[in-house]
Amino acid sequence: MIGIIVSLVLGAVIGWLAGNIMRGGGFGLLWNIIIGVIGSFIGSFVMNLLHVNTGGGIVWQIIVGVIGACLLLWVISLLKKK
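Numbering (the working numbering), first residue to last: 1207 to 1288.
Structure, rendered in structure tokens:
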């Protein structure tokens, strides 16, 4: 139960940070969590493709998640323009 709560809080922080980096603001709590959790999966996948060890602490998890969430938001922005 604690792990789920921590994941949701990290997802919210990651989504908020990525939203501020990519467009200058967050998306609201629910969308921040969704973007943060999906972004964490994307970030871990990309780091594994690049053979970067993602086994660090919570700060490293946030950095990887923000990178993945920014990639997700970038792809979404490309799709919205078409």
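Note that CB positions come from ideal geometry on N, CA and C, so glycine has one too.
- Taking a cut-off of 8 Å on C-beta distances, the segment 1250-1260 does not touch the segment 1228-1236, as fewer than three cross pairs fall below it.
- Counting only runs that start and end inside the segment 1207-1285, the alpha helix (DSSP H) elements of at least 4 residues fall at 1208-1229 and 1235-1255.
- The residue among SER1283, ILE1210, ILE1211 and LEU1277 with its C-alpha nearest the C-alpha of GLY1245 is LEU1277.
- Of the residues assessed, GLY1231 falls on the exposed side of the cut-off, its CB having fewer than 16 other CB atoms within 10 angstroms.
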